[in-house]
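Numbering (the numbering used here), first residue to last: 100 to 454.
Below, the structure is given as structure tokens:
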């Protein structure tokens, strides 16, 4: 019975944590959006000049450290890598470019849907379409080849970096950039944000929660266990939004959104396709990175790089408006992702099945 309730409970807890975050100061409908928060970290480190997106979000460090702590407690921490890290870096960048065209990763998409944003439902259709395309390549043999056991010191790389960034944020804040207005100026107290990240990092590791896997398993394997987490997440979050007066049904007057349906669809389609090829959504990549997977670390670095590129070259949307160069950025990113998919499906056959 407990095993059957694990996924719905994970979804409920995720919803509660999200509600706490935006009632305590995080932007509404964004509670814990991985792509947006990694973009904010890029800005905090001076990698882009988008003044509304600069803050070293403690939630991200908490996710990594929470996953590390629980994986160590359960003795499942495993340092491994070597599965096309550069390719994963590039895919991670393309995924975030797609997410920032839409204005949210899969986590942010679900948060927006729960707030009544119909634009995010359009994004969901795109996300599912991208997953279906990705599954076509997987069924035809797509692989980034196997990962190998490596030194534990490599596996702790991102957790150590997360601790260092937290130290800088708490004790040496002048080393970092902070938004004084706009998206990243809305933030929950540091201790609340860190605790939220730690909780969801642990829950994410135990449950293996992944937005791509939930949709994939329900469509292709008729396994609805993980999908039940998302249903529970949406139900609880809708109730919370109504109670706190945040629910706003429709396309218009959404806080973090734009109303261009085509690019909402295409942005999330790129996220879905790239996430399938990577083996997990942005949230899942952070969890795996925290538990020793250095290929996921490469993906996370790629996502930070993608946030930098998206804002330095006007690819990212802002509330109410598409990025000036979003169509060009999408075309390039989509071409790169499809090239990687085709090459690693039909021209670069693996010699083993991995671990």
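Heads up, the beta-carbon is just placed ideally off N, CA and C, and yes, glycines get one too.
1. Measure the CB-CB distance between residue 245 and residue 182 and report whether it falls below 8 Å.
2. Per DSSP, which residues does residue 420 bridge with? Please list them.
3. Please give the ranges of any alpha helix (DSSP H) in the segment 205–272, keeping only runs that are unbroken, at least 4 residues long and fully inside the region.
4. Rank 227, 137 and 268 by C-alpha distance to the C-alpha of residue 191 and give the top, closest one.
5. Look up residue 191 in the DSSP assignment and say whether it is helix, strand or coil.
6. Quick check on this structure: which residue in 364, 103 and 328 has the alpha carbon closest to the alpha carbon of residue 308?
7. If residue 163 and residue 388 are in contact, beta carbons under 8 Å, what's the gap, nearest whole angstrom?
8. Can you tell me the Cβ-Cβ gap for residue 315 and residue 243, rounded? I've got them flagged as a contact below 8 Å.
9. Considering Cα atoms alone, identify which of 444, 433 and 447 is closest to residue 189.
10. What are the boundary residues of the alpha helix (DSSP H) that includes residue 135?
11. Taking residue 384 as part of the alpha helix (DSSP H), name the residues at either end of that continuous run.
12. Which runs of the alpha helix (DSSP H) fall wholly inside the segment 342–406 and span at least 4 residues, in chain order?
13. For a quick check, are the C-beta atoms of residue 357 and residue 104 less than 8 Å apart?
14. Within 10 angstroms of the Cβ of residue 113, are there 16 or more other Cβ atoms? Answer buried if so, exposed if not.
15. Does the Cβ-Cβ distance between residue 146 and residue 402 come in under 8 Å?
16. Starting from residue 152, follow its DSSP beta bridges and name the residues at the other end.
17. Under 8 Å between C-beta atoms, does residue 349 make it to chain B?
18. In chain order, what residues of the same chain have a beta carbon less than 7 Å from the beta carbon of residue 394, not counting five sequence neighbours either side?
19. Quick one: measure Cβ to Cβ for residue 230 and residue 371, integer angstroms, because I've assumed they're closer than 8 Å.
20. Which residue wins for smallest C-alpha separation from residue 291, given the options 149, 161 and 144?
21. Name the residue from 369, 443 and 259 whose alpha carbon lies nearest to the alpha carbon of residue 431.
22. Under the rule that 16 or more other beta-carbon atoms within 10 Å means buried, what is residue 353, buried or exposed?
23. Do residue 376 and residue 398 come within 8 Å of each other at the CB atom, strictly closer than that value?
24. Kindly identify the DSSP beta-bridge partner or partners of residue 179.
So, to answer that:
1. With contacts defined as CB atoms closer than 8 Å, residue 245 and residue 182 qualify as a contacting pair.
2. When beta bridges are read from the DSSP output, residue 420 appears opposite 417.
3. Complete alpha helix (DSSP H) runs here, min 4: 205–213, 217–238, 251–254 and 256–270.
4. Per the C-alpha coordinates, the member of 227, 137 and 268 positioned closest to residue 191 is 137.
5. DSSP places residue 191 in helix when its eight states are reduced to three.
6. Nearest C-alpha to residue 308: 328.
7. Confirmed, Cβ separation roughly 6 Å.
8. Between residue 243 and residue 315 the Cβ distance is about 17 Å, and since that is not below 8 Å, they are no contact.
9. Of 444, 433 and 447, the residue nearest in Cα terms is 433.
10. For residue 135, the enclosing alpha helix (DSSP H) has its first and last residue at 133–143.
11. Per DSSP, residue 384 belongs to the alpha helix (DSSP H) from 381–389.
12. The qualifying runs are 360–377 and 381–389.
13. No, Cβ-Cβ distance for residue 357 and residue 104 is not below 8 Å.
14. With 16 or more other Cβ atoms inside 10 Å of its own Cβ, residue 113 counts as buried.
15. Taking 8 Å as the cut-off, the beta carbon of residue 146 is found no closer than this to the beta carbon of residue 402.
16. For residue 152, DSSP records no beta bridge to any residue.
17. Judged by its chain identifiers, the structure shown contains no chain B, having just a single protein chain.
18. If we look at residue 394 and ignore the five residues flanking it on each side, its Cβ neighbours are 180, 182, 184, 187 and 246.
19. 4 Å between Cβ atoms; contact.
20. Residue 161 is the option with its Cα nearest to residue 291.
21. Here the closest residue by C-alpha is 369.
22. With 16 or more Cβ atoms within 10 Å of its Cβ, residue 353 is classed as buried.
23. In this structure, residue 376 does not lie closer than 8 Å to residue 398 by Cβ.
24. Beta-bridge pairing links residue 179 to 248 and 392.
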